[in-house]
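Colleague: Got a structure for you, written out below as structure tokens; questions coming shortly.
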Amino acid sequence: MAASPAGSNASPQNLRLRRPDDWHVHLRDGALLELVAPATARTFARAIVMPNLSPPITTVAAAVAYGARIRAALPEGSRFTPLLTAYLTDTIAAEEIERGHREGVFTACKLYPAHATTNAAAGVTDLARIEAVLTAMERIGMPLLIHGEVTDAEIDIFDREAVFIERHLAPLLVRHPGLKVVLEHITTAESVAFVRQAGPNLAATITPHHLHINRNAMFQGGLRPNFYCLPVAKRERHRLALRQAATSGEPCFFLGTDSAPHPRSAKESACGCAGIYNAPHALESYAEVFEQEGALERLEGFASLHGPAFYGLPLNEGTITLVREPHTVPPRLHGQGEGGAATDLVPFHAGQVLQWRLAEEG
Ligand code: NCD
Ligand code: ZN
Numbered sequence: 455m456a457a458s459p460a461g462s463n464a465s466p467q468n469l470r471l472r473r474p475d476d477w478h479v480h481l482r483d484g485a486l487l488e489l490v491a492p493a494t495a496r497t498f499a500r501a502i503v504m505p506n507l508s509p510p511i512t513t514v515a516a517a518v519a520y521g522a523r524i525r526a527a528l529p530e531g532s533r534f535t536p537l538l539t540a541y542l543t544d545t546i547a548a549e550e551i552e553r554g555h556r557e558g559v560f561t562a563c564k565l566y567p568a569h570a571t572t573n574a575a576a577g578v579t580d581l582a583r584i585e586a587v588l589t590a591m592e593r594i595g596m597p598l599l600i601h602g603e604v605t606d607a608e609i610d611i612f613d614r615e616a617v618f619i620e621r622h623l624a625p626l627l628v629r630h631p632g633l634k635v636v637l638e639h640i641t642t643a644e645s646v647a648f649v650r651q652a653g654p655n656l657a658a659t660i661t662p663h664h665l666h667i668n669r670n671a672m673f674q675g676g677l678r679p680n681f682y683c684l685p686v687a688k689r690e691r692h693r694l695a696l697r698q699a700a701t702s703g704e705p706c707f708f709l710g711t712d713s714a715p716h717p718r719s720a721k722e723s724a725c726g727c728a729g730i731y732n733a734p735h736a737l738e739s740y741a742e743v744f745e746q747e748g749a750l751e752r753l754e755g756f757a758s759l760h761g762p763a764f765y766g767l768p769l770n771e772g773t774i775t776l777v778r779e780p781h782t783v784p785p786r787l788h789g790q791g792e793g794g795a796a797t798d799l800v801p802f803h804a805g806q807v808l809q810w811r812l813a814e815e816g
């Protein structure tokens, strides 16, 4: 990464990084896809695209068709590559997964414990039911991406990630030591510690919002549904552990935004959807954290190097440049929703000033 200081000991004014990837994003479908895909494609060369559509992506044919819809939603000349995932269900066939992987359609499989989050009703009810799929994935080197939360109503929502690790993840890694696993969007100090002590086949993604907010953000002066996502933000000590992990330079932690847009009407509602839309300023948001932690020189590893290394994919060619140029994030993004009706999205950092801006490509 090249940082060019303006003046002698001044902090850098420009940051050039190898083009990054987003290892966890929700691009949605239909009008929402058209609204959000350009934001991800502007920053990232590739993204692991979540399959939790309605209905979910469970077949190679559905993924091929979704990939075509994503490409159609990209701006002219975009070189963005969506990396598609299969949504695991109790009944999905190992042959379908293997064929999708062999044909280059499925990069990974996503495990949602049934009912864990948005569009997870068809998720897996018991890991024992997908044993054959996991065995096949381990054999062919296909990564398993996990939404790591138990769903039992008697477990406190703030404990669901830690309990998932103890009850499900640790035994899974013992049963399948060769399986590559990404624990997605980690939110706790326990997850950081667990990932660190595990072998090279376990990694974790960390979102920008979990680096910026703790659970108080949801209750500041009233109920703030735009800070509600799953796994839900935890106590301050967890946020600090995540910041330390993300900026540590350890290759087991890498960038995954979990950008999860929902129309404002669905967020700001009596039963608001989980998900934070951070795609328009995701890299700028991470850069802010890395700078605050005195680790700007480690941003490139987190954003552009560790993910491809774990997935066994080539590094991207080309670079992007962040420029120190404070700017205010718009309070709303306006677009068209289903049937052409107006839809607003509230972006993460709405109305706040961010220090870094992604330079347009020349
Ligand atoms: C995601 C969504 O809306 O699809 N929501 C979220 O809060 N992150 C689902 C998920 O990744 O949990
Ligand atoms: Zn997600």
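Counting in the working numbering, the sequence shown runs from 455 upward without gaps. We put the beta carbon where it would ideally sit given N, CA and C, even for glycine.
(1) Mark T641 as exposed unless 16 or more other C-beta atoms lie within 10 angstroms of its C-beta, in which case mark it buried.
(2) When the Cα of A540 is compared with those of L528, A522, G577, M672, which residue comes out closest?
(3) If you count every other CB in all the chains shown that lies within 10 Å of the CB of I594, and 16 or more means buried, which is it?
(4) Less than 7 Å separating the Cβ of L684 from some heavy atom of the ligand NCD?
(5) Counting only C-beta atoms, is V559 closer than 8 Å to chain B at any point?
(6) Determine the direct distance from the alpha carbon of L528 to that of A813, and round the result to whole angstroms.
(7) The alpha helix (DSSP H) that contains P466, what's its start and end?
(8) Can you tell me the Cα-Cα spacing of R718 and F534, whole angstroms?
(9) According to DSSP, is R500 helix, strand or coil?
(10) Mind the definition here: the stretch 766 to 786 touches the stretch 800 to 812 only if three or more C-beta pairs lie below 8 Å; say whether that holds.
(11) Which residue's Cα is closest to the Cα of L581: V559, T561, V604, T571?
(12) Mind checking whether the beta-carbon of A714 lies closer than 7 Å to any heavy atom of the ligand ZN?
(13) Is S458 buried or exposed, if buried means 16 or more other CB atoms sit within 10 Å of its CB?
(14) Would you kindly work out how many angstroms separate the C-alpha atoms of R778 and N468, rounded to a whole number?
(15) Grab the span of the alpha helix (DSSP H) containing G521 for me, first residue to last.
(16) Quick check: the Cα distance between P715 and L487, rounded to an integer number of angstroms?
(17) Measuring only from the beta carbon, is C725 closer than 7 Å to any heavy atom that is part of the ligand NCD?
(18) Determine the burial state of G461: buried for a count of at least 16 other Cβ atoms within 10 Å of its Cβ, exposed for fewer.
(19) Please classify P536: does DSSP put it in a helix, a strand, or coil?
(20) Got a sec: does the ligand ZN put a non-hydrogen atom nearer than 7 Å to the Cβ of H478?
(21) Comparing alpha-carbon positions, which option in T513, G726, A493, H781 lies nearest H480?
(22) Classify L486 as helix, strand or coil using the three-state DSSP reduction.
(23) Does the stretch 696 to 703 come close enough to the stretch 736 to 755 to have 3 or more Cβ pairs within less than 8 Å?
(24) In whole angstroms, give me the CA-to-CA distance for L542 and P631.
(25) Taking all protein chains shown into account, do 16 or more other C-beta atoms lie within 10 angstroms of the C-beta of N463, making it buried, or fewer, making it exposed?
(26) Please report how far the alpha carbon of K688 lies from the alpha carbon of D610, in whole angstroms.
(27) Only counting the same chain, and skipping five residues up and downstream in sequence, which positions put a Cβ closer than 7 Å to that of E557?
(28) Looking at H663 and the ligand ZN, is the gap between the Cβ and the nearest heavy atom below 7 Å?
(29) Is there contact here, the stretch 762 to 781 with the stretch 689 to 696, by at least three beta-carbon pairs under 8 Å?
(30) Using a Cβ distance threshold of 8 Å, determine whether the stretch 620 to 635 contacts the stretch 646 to 665, with at least three qualifying pairs required.
(31) Measure the CB-CB distance between A728 and Y682 and report whether it falls below 8 Å.
(32) Would the beta-carbon of T572 be found less than 7 Å away from any heavy atom of the ligand NCD?
(33) Within the stretch 729 to 796, note down every full beta strand (DSSP E) run reaching 3 residues or more, in order along the chain.
(34) Give me the residue from E550, T497, T545, E585 with the minimum Cα distance to P625.
(35) Rounding to the nearest angstrom, what Cα-Cα distance links H622 and T561 in this structure?
(36) Have a look at the DSSP bridge pairing and note the partners of T659.
Modeller: Based on what the coordinates show:
(1) buried
(2) G577
(3) exposed
(4) yes
(5) Although the question refers to chain B, the structure presented lacks it and comprises just one protein chain.
(6) 19 Å
(7) No alpha helix (DSSP H) contains P466, which is instead part of the beta strand (DSSP E) from 466 to 472.
(8) 27 Å
(9) strand
(10) yes
(11) V604
(12) yes
(13) With a pLDDT of only 47 at S458, under 50, the local geometry of the prediction cannot be trusted, and the value read off the model is given with reservation. When all chains shown are included, S458 counts as exposed.
(14) 6 Å
(15) 514 to 526
(16) 9 Å
(17) no
(18) For G461, the predicted model reports a pLDDT of 40, less than 50, meaning its position is unreliable; a value from the coordinates is still stated below. Exposed is the call here.
(19) strand
(20) yes
(21) A493
(22) helix
(23) yes
(24) 20 Å
(25) With a pLDDT of 45 at N463, under the threshold of 50, the modelled position of that residue is not reliable, and the figure given next carries that caveat. It is exposed - the Cβ of N463 has fewer than 16 other Cβ atoms within 10 Å.
(26) 12 Å
(27) V514
(28) no
(29) no
(30) yes
(31) yes
(32) yes
(33) 773 to 782, 787 to 790
(34) E585
(35) 23 Å
(36) F708
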